[in-house]
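In our numbering, the protein residues as written are 8 to 657.
From the three backbone atoms N, C-alpha and C, an ideal C-beta is built for every residue, glycine too.
Structure first, then comments.
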């Protein structure tokens, strides 16, 4: 078996660090990019082991041009997060084809660290942190292997040395994280334009929300200042959909109306939302929101909250809502016409049904009650797997399939209201949430996605109607699991059936929430709150500079104390100290022990030079060797050695 040479060992460490740093990016890179990088690494390691010559400069240039063209063709760009990462990964693989000296290895290791940083542009979660931190450690160990000549033969020695260095740097990193001035804006908000986003959108077709409820990913978390509102009031308002083409509801674009006034009643609910990134401008708030930070977003004419920029990172904002309200007591003619529009020639049977029910109703509110009664009385079914609907979706749902999810019921109810001359629209958002008792907050998942209707009634304004409650009241009063049979594939049902698994899931989510709040969302306002908690009532840049200087000084002092302790003079082994006392006494008589001279050889030389000391020197030496090297020396030998040294006076 051929011996592993020092260049091969260094190349192995560098390749391992580079491929590990690419780990989080494998989910987003094209398969051919991954295959090419792995192939280049494998070929380079094999070439080093077999002694093959490296490709010529012209060959490397041709491969580089082909790789760049491939990235441009696959991603339609060579810029952006995914395209840029793919190009960087390929160039790192090509760099291996010319790697010879330490400088080339160091370049690749720094590319690995840059890839670790770029991984946080995809997501800033705890699993990502759990991958990146060991990778940074591996790359630091690889740097030690490359920089030291020769490398330590112990496989874990570079990890131990690199770990000690990173631990020494941790206090400095903590001080810089806490007190280095934060700038406004989102550093992590670099979007990938072609990356799919999950969550609600500004369109809703039959089946969209039922597909979304199969996704158990967290949409946002909510911390209430007091007691949370009951489940019946947990409607989280999202996109408001007013345009209908007979099949799909959507939000009008470039439509501006005056915001109708709202009157608030009862006690408010104050809360803080931590919203996961979506790539969209949708914000969510408890219906009906009254106050929110202006810097975060604004409210459109349909009471929908919109962010001022796409949400590409975790954001946090406070809000105040009133569960009891009266919105838009007066409806302008333009808004009335907007909310009565129906596509001509579509869903004729539903239009006829609405007109027939409206003819027997005393008022708009009575008509809405009659529609609810129809949903309750007839055989409608709430299901996650509704059949596909025809072009006239409402007709097909009301008169044929009668099986649907919340979007089907909201769409049908809203269309019936419009057909009867009642202004109405669909509101998409979330309803309910899972209460995390460990962290004391509400978890709203994509599986809590919901759709309901709003109708404008004289004297009441915009009023919420949830037709799903007429068919499956458990969905609104409790949760999705309670509204569907056991055999339905509801996300999280298995976890809810096991108290241990559910508590473990809540504990993990609480850790993720704390990570988001304390680290990911540690922005300029959070830094100001930290300074206020340290006694600075009105902190400014001078206070921040003072704390930064004090923190750095404290970290340097801590590091100095650590290094002083690490490099302190080591106390010699007591047996070694006794033997050294023996050799020093002989040195004072002109008999010095030579460098590298073995103890027995030294004892023999002492016997030749001083025959009168031969016996005691030999006895002291044998006791020293037994005490020093035997696995379990006798305690009496130590006492005997001390006695001989007391009598030894050359």
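Could you check which residue in 122, 35, 276 has the C-alpha nearest to that of residue 298? On the chain shown, residue 298 is found 291 positions in, with the first residue counted as 1. Cα-wise, what sits closest to residue 298 is 276.
Within the continuous alpha helix (DSSP H) that includes residue 186, where are the two ends? Within the chain shown, residue 186 is the residue found at index 179, counting from 1. Start and end: 164 to 186.
Taking all protein chains shown into account, decide if residue 524 is buried (16 or more other Cβ within 10 angstroms of its Cβ) or exposed. Walking along the chain shown from the start, residue 524 turns up at place 517. Buried is the call here.
Within-9 Å CB hit, residue 314 to chain B: Annotation note: the requested chain B is absent from the structure, which comprises a single protein chain.
Would you call the CB atoms of residue 451 and residue 291 closer than 9 Å? Stepping through the chain shown from its first residue, residue 451 is reached at position 444. Stepping through the chain shown from its first residue, residue 291 is reached at position 284. Result yes, Cβ atoms of residue 451 and residue 291 sit closer than 9 Å.
Based on Cα-Cα distance, which residue from 183, 22, 249, 259 lies nearest to residue 561? Within the chain shown, numbered from 1, the residue matching residue 561 stands at position 554. Residue 561 has its Cα closest to that of 183, out of 183, 22, 249, 259.
Is the distance from the Cβ of residue 477 to the Cβ of residue 383 below 9 Å? The residue you call residue 477 lines up with position 470 of the chain shown. The residue you call residue 383 lines up with position 376 of the chain shown. Contact: yes.
Bridge partners of residue 457, per DSSP? Here residue 457 corresponds to residue number 450 of the chain shown, with the count starting at 1. Its beta-bridge partners are 436.
Ignoring anything shorter than 4 residues, give me the alpha helix (DSSP H) runs that lie fully in the region 73 to 144, in order along the chain. 88 to 102, 109 to 126
Bridge partners - residue 333, DSSP secondary structure assignment: Reading the chain shown from its first residue, position 326 is the one you call residue 333. Bridge partners of residue 333: 270.
Give me the Cβ distance between residue 321 and residue 40, rounded to the nearest whole Å; I'm assuming they're in contact under 8 Å. As a working mapping, residue 321 is identified with position 314 in the chain shown. As a working mapping, residue 40 is identified with position 33 in the chain shown. With a Cβ gap of about 28 Å, residue 321 and residue 40 do not count as contacting.
If you run the structure through DSSP and keep just helix, strand and coil, what is residue 212? The residue you call residue 212 lines up with position 205 of the chain shown. It is coil, neither helix nor strand.
Do three or more CB pairs link the region 597 to 604 to the region 563 to 577 at distances below 8 Å? no
Same chain only: Cβ atoms within 8 Å of residue 250, ignoring 5 sequence neighbours per side: To locate residue 250, count along the chain shown from 1; it is residue 243. Taken in chain order, the residues that qualify are 256, 257, 258, 259, 348.
Residue of 17, 54, 65, 74 minimising C-alpha distance to residue 43: The sequence position of residue 43 within the chain shown is 36, counting from 1. With distances taken between Cα atoms, residue 43 lies closest to 74.
DSSP three-state label for residue 344, please. Stepping through the chain shown from its first residue, residue 344 is reached at position 337. Three-state DSSP puts residue 344 in a helix.
Can at least three beta-carbon pairs, one atom from the region 394 to 404 and one from the region 361 to 373, be found at a separation below 8 Å? no
Look up residue 468 in the DSSP assignment and say whether it is helix, strand or coil. For the purposes of this step, residue 468 is identified with residue 461 of the chain shown, where counting begins at 1. Looking at residue 468 - three-state DSSP - the assignment turns out to be strand.
Work out the CA separation of residue 88 and residue 125 for me, nearest whole Å. Numbered from 1 along the chain shown, position 118 holds the residue referred to as residue 125. Numbered from 1 along the chain shown, position 81 holds the residue referred to as residue 88. If you take the alpha carbons of residue 125 and residue 88, they lie about 8 Å apart.
Within the region 22 to 75, ranges of the alpha helix (DSSP H) (whole runs, at least 4 residues): 38 to 57
Where residue 377 sits in the DSSP three-state scheme: For the purposes of this step, residue 377 is taken as residue 370 along the chain shown, with counting starting at 1. Correct three-state label for residue 377: helix.
Within the chosen definition, does the region 105 to 118 reach the region 131 to 144 through at least 3 CB pairs nearer than 8 Å? no
Alpha carbon to alpha carbon, what distance is there between residue 608 and residue 168? Indexing the chain shown from 1 puts residue 168 at position 161. Indexing the chain shown from 1 puts residue 608 at position 601. So the alpha carbons of these two residues sit roughly 38 Å apart.
Residue from 518, 405, 268 whose Cα sits closest to the Cα of residue 336: As a working note, residue 336 is residue 329 in the chain shown. Residue 336 has its Cα closest to that of 268, out of 518, 405, 268.
CB residue 472 to CB residue 459, shorter than 9 Å? One-based indexing of the chain shown puts residue 472 at position 465. One-based indexing of the chain shown puts residue 459 at position 452. Going by C-beta atoms, residue 472 is nearer than 9 Å to residue 459.
Quick check on DSSP: helix, strand or coil for residue 387? Stepping through the chain shown from its first residue, residue 387 is reached at position 380. Reduced to three states, the DSSP call for residue 387 is coil.
Distance between beta carbons of residue 333 and residue 467, contact taken as under 8 Å: The residue given as residue 467 occupies position 460 in the chain shown. The residue given as residue 333 occupies position 326 in the chain shown. 7 Å between Cβ atoms; contact.
Expected contact under 8 Å - CB spacing of residue 531 and residue 315 to nearest Å: Your numbering for residue 531 matches position 524 in the chain shown. Your numbering for residue 315 matches position 308 in the chain shown. Not really, about 16 Å apart at Cβ, beyond 8 Å.
Helix, strand or coil at residue 311 according to DSSP, with G and I counted as helix: In the chain shown, residue 311 corresponds to position 304, counting from 1. Here residue 311 sits in coil by DSSP.
So, are the CB atoms of residue 209 and residue 266 less than 9 Å apart? Along the chain shown, read from residue 1 onward, the residue named residue 209 stands at position 202. Along the chain shown, read from residue 1 onward, the residue named residue 266 stands at position 259. Contact flag unset, no.
May I have the straight-line CA-CA distance separating residue 587 from residue 636, to the nearest angstrom? By one-based count along the chain shown, residue 587 stands at place 580. By one-based count along the chain shown, residue 636 stands at place 629. So the alpha carbons of these two residues sit roughly 16 Å apart.
Residue 679 versus residue 549: straight-line alpha-carbon distance, rounded: Only positions 8 to 657 of the chain appear in the structure, and residue 679 is not among them; the question remains open.
Count the C-beta pairs between the region 416 to 425 and the region 436 to 447 that are closer than 8 Å, then say yes if the count reaches three, no if not. no
What is the DSSP secondary structure of residue 412, counted as helix, strand or coil? Looking up residue 412 in the chain shown gives position 405. Correct three-state label for residue 412: coil.
Let me check understanding here. Comparing Cα to Cα, which of 272, 365, 138 lies closest to residue 381? The residue you call residue 381 lines up with position 374 of the chain shown. Ranking the options by Cα distance to residue 381, first place goes to 365.
What does a CB cutoff of less than 8 Å around residue 15 pick up in its chain, not counting 5 residues either side in sequence? Here residue 15 corresponds to residue number 8 of the chain shown, with the count starting at 1. Counting only Cβ-Cβ distances below 8 Å, and skipping sequence neighbours, we find 52, 55, 56.
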